[in-house]
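With the sequence shown counted from 1, adding 5 to any position gets you the working numbering. Ideal placement from N, C-alpha and C gives every residue a C-beta, glycine not left out. All of these numbers come straight from a predicted model, not from anything done at the bench.
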Amino acid sequence: MKRVSTILLILLGGTFLFAQNTLSINGQNEARFVYRTAEDSLNAYFSDSFSFALAYRNFSFGMKFNADLPRYPVEQSELIDELDNQRLRLAWEEFTAGYSKDAFSIQAGTTEESFGNGMIFRSYKDLEFDLDHRLDSFLLKYNEDFKFKALYGAIENPTNAGKYDLAYGADFQTPAWFGFSLGASAVAFRNYSALGYNQRDVFGARLNAIMAGLDLQLEAAFSDLYHQPSGSRDGKALFGTGSYSLGNLTLGGSYKLYDGFQYRLQDLPLANHHGETLSDSQASGEDEEGYQAFASLGVTDCLSLSGDYAEAWNSDQSLKMNDAYAALDWEKNDLRFGLSWSHIEKLNDNLDAWQQELIPAFLAGFTLLKMPVQLQGEYKLVSKQKHEVETQHAEPKLQADLSLGKLAVSLAAQSQWEEISELMESNYWPAIELKYPIFNHSDLILFGGKEAGGKVCRNGVCRYVAPFEGLKVELNTRF
Numbered sequence: 006m007k008r009v010s011t012i013l014l015i016l017l018g019g020t021f022l023f024a025q026n027t028l029s030i031n032g033q034n035e036a037r038f039v040y041r042t043a044e045d046s047l048n049a050y051f052s053d054s055f056s057f058a059l060a061y062r063n064f065s066f067g068m069k070f071n072a073d074l075p076r077y078p079v080e081q082s083e084l085i086d087e088l089d090n091q092r093l094r095l096a097w098e099e100f101t102a103g104y105s106k107d108a109f110s111i112q113a114g115t116t117e118e119s120f121g122n123g124m125i126f127r128s129y130k131d132l133e134f135d136l137d138h139r140l141d142s143f144l145l146k147y148n149e150d151f152k153f154k155a156l157y158g159a160i161e162n163p164t165n166a167g168k169y170d171l172a173y174g175a176d177f178q179t180p181a182w183f184g185f186s187l188g189a190s191a192v193a194f195r196n197y198s199a200l201g202y203n204q205r206d207v208f209g210a211r212l213n214a215i216m217a218g219l220d221l222q223l224e225a226a227f228s229d230l231y232h233q234p235s236g237s238r239d240g241k242a243l244f245g246t247g248s249y250s251l252g253n254l255t256l257g258g259s260y261k262l263y264d265g266f267q268y269r270l271q272d273l274p275l276a277n278h279h280g281e282t283l284s285d286s287q288a289s290g291e292d293e294e295g296y297q298a299f300a301s302l303g304v305t306d307c308l309s310l311s312g313d314y315a316e317a318w319n320s321d322q323s324l325k326m327n328d329a330y331a332a333l334d335w336e337k338n339d340l341r342f343g344l345s346w347s348h349i350e351k352l353n354d355n356l357d358a359w360q361q362e363l364i365p366a367f368l369a370g371f372t373l374l375k376m377p378v379q380l381q382g383e384y385k386l387v388s389k390q391k392h393e394v395e396t397q398h399a400e401p402k403l404q405a406d407l408s409l410g411k412l413a414v415s416l417a418a419q420s421q422w423e424e425i426s427e428l429m430e431s432n433y434w435p436a437i438e439l440k441y442p443i444f445n446h447s448d449l450i451l452f453g454g455k456e457a458g459g460k461v462c463r464n465g466v467c468r469y470v471a472p473f474e475g476l477k478v479e480l481n482t483r484f
């Protein structure tokens, strides 16, 4: 009843504001019906997300309504045989209200924010793993040459429903001299466990410099975790990155050092091209050191080359990782062609395991009969070894995006086989997506087929998707 009254007050207030002729409103609705080919009783489901934002003079307000009937997990293997209330969601879940004037602003509600590069603090939604790390908080900001942020908020504990963790802190940055700026952050976290709340205090400082082709960022931090049965624990972190441009040539590098510096409300820079973690069995920030070197060269107005190499390891060298990337791109008018090579390798002596991914890829864009066409493909070769048992398989993928007037079409096919002789018996993921603007601000999207999951880019939009097989119908409306 209290929530209904709140909504009524908002609607009445909105009616009054409309009379002032200075109110602006915008929003978006995303509705999706899904029929999934799966061995469970609920293979058809519906979801909807409606959000809007109001702005009147210096005030702003926004809300988001989410409905999942039911909500499916990211992993398709987690089937739903029986429906329960934990799978249903029908509620206004995100609220924001704010006031801003000149360089000053204050906001309350669902917050996305970071201090520095996010190493010390970041409140965000992880689209790749469908995890929500956003705080419900009060946020105060002052943003001119001198920048200041102060925040106090809460987030539901990931393992104890109904219990909340706290986060509060401040961050500032000020110009120093000749393109240099200095910054500092202080954050405290109180995390709930079955034995009560522990406390983590984090302090950090950073240096930024932008001048005459030089772009430099350096950040260092230390943390103290205490009020827990296992005793206190110190942590430290150091990350630096920089690049220098001289004409058509850009050279750069990064360095990272993390020790006991891992918690939920952060987003650690990984210092490699593909954003790879040191190990699949260890969280980033626990024990990790590494470097990255990168370069790009504009050979001509049309041709460019780029390269990137990174290595990382832990303190006893039992975990190692290297990541390499090289690309050639040629573009002129409406023609584009590119080649790339990726190499990712990880070693885990603790598990007597080794894995490697080799990914040659190409991209081609051109116009055929006045129809824009983009082709992209890759041939991923995955090799693994564990306890002297070796396995290898290939994951080729081919995709074509084209426009037939207003209709955008994306065709994709992905496969996986261990031996070329098993080509016809291997797993296949064929898919087609059609996108059509039925109104000026509404798109109808139809997807059919199978996809292995991960990051996909279709018709100019990139997003992370779960493994899927079936049919999806989406209607996205903006106003």
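Kindly identify the DSSP beta-bridge partner or partners of residue i.
i, result
"K325", "W318, L352"
"H398", "V387"
"K477", "V39, F452"
"L337", "As written in the sequence, residue 337 is Lys, which differs from the Leu given in the question. According to DSSP, which records beta bridges pairwise, K337 is partnered with L340."
"A276", "A276 pairs with nothing; no bridge assigned."
Closer than 6 Å by C-beta to residue i: which residues in its own chain qualify, once you throw out the five before and the five after it? Chain order, please.
i, result
"M326", "L283, A317, K351"
"L13", "Residue placement at L13 is flagged as unreliable, the pLDDT there being 37, under the threshold of 50; a coordinate-derived value is accordingly withheld."
"L219", "Y249"
"E479", "R37, I450"
"W97", "M68, F70"
"F21", "Residue placement at F21 is poorly supported in this model, since its pLDDT is 41, which falls under 50; the coordinates still yield a value, given next. There are no such residues."
"Y202", "R195"
"I85", "D45, L47"
"G465", "none"
"R341", "G370"
"V461", "V470"
Would you decide whether residue i is buried or exposed? Buried here means 16 or more other CB atoms lie within 10 Å of its CB.
i, result
"Q271", "buried"
"M216", "exposed"
"A24", "The predicted position of A24 is uncertain, since its pLDDT is 40 and thus under 50; no value can be drawn from it."
"T101", "buried"
"F183", "exposed"
"L144", "buried"
"R483", "exposed"
"I349", "buried"
"S320", "exposed"
"Q91", "exposed"
"T305", "exposed"
Go through its chain and collect everything with a Cβ distance to residue i's Cβ below 7 Å, but skip five positions before and after it.
i, result
"A72", "S52, D53, R94, L95"
"A60", "S29"
"P180", "D150, S186"
"H398", "V387, Q421, W422, E423"
"G295", "K261, A276, A315, E316, A317, W318"
Could you pull out every residue in the same chain whose Cβ sits closer than 8 Å to the Cβ of residue i, ignoring the five residues on either side in sequence?
i, result
"P274", "N122, G123, M124, F244, T246, S259, K261"
"C307", "W335, E336, K337"
"G487", "Within the shown structure, residues of the chain are numbered from 6 to 484, placing residue 487 beyond reach of any answer."
"L200", "Q233, P234"
"A108", "Y147, N148, E149"
"T27", "Y61, R62"
"L16", "Only weak support exists for where L16 lies, its pLDDT of 43 falling under 50; the coordinates are left without a value."
How would you write the range of the beta strand (DSSP E) that residue i sits in, first residue to last?
i, result
"F151", "Element bounds for F151: n/a, residue is neither H nor E."
"P377", "376-391"
"F452", "447-456"
"Y77", "Per DSSP, Y77 belongs to no beta strand (DSSP E) and is neither H nor E."
"W434", "432-444"
"D175", "Position check: residue 175 holds Ala in this sequence, whereas Asp was assumed. That run of the beta strand (DSSP E) goes 169-180."
"G295", "292-303"
"Q361", "358-373"
"T255", "254-264"
"Y202", "201-216"
Under the assumption that residue i contacts residue j (Cβ atoms under 8 Å), give the Cβ distance between them as a whole number of angstroms.
i, j, result
"Q361", "S388", "5 Å"
"D206", "D229", "5 Å"
"L310", "L333", "6 Å"
"S142", "Y157", "6 Å"
"F299", "G257", "5 Å"
"S56", "G32", "6 Å"
"Q297", "D313", "7 Å"
"F177", "F153", "5 Å"
Quick check: does the Cβ of residue i come within less than 7 Å of any heavy atom belonging to the ligand HEM?
i, result
"T305", "Ligands in the displayed structure: none, and consequently the ligand HEM is not present."
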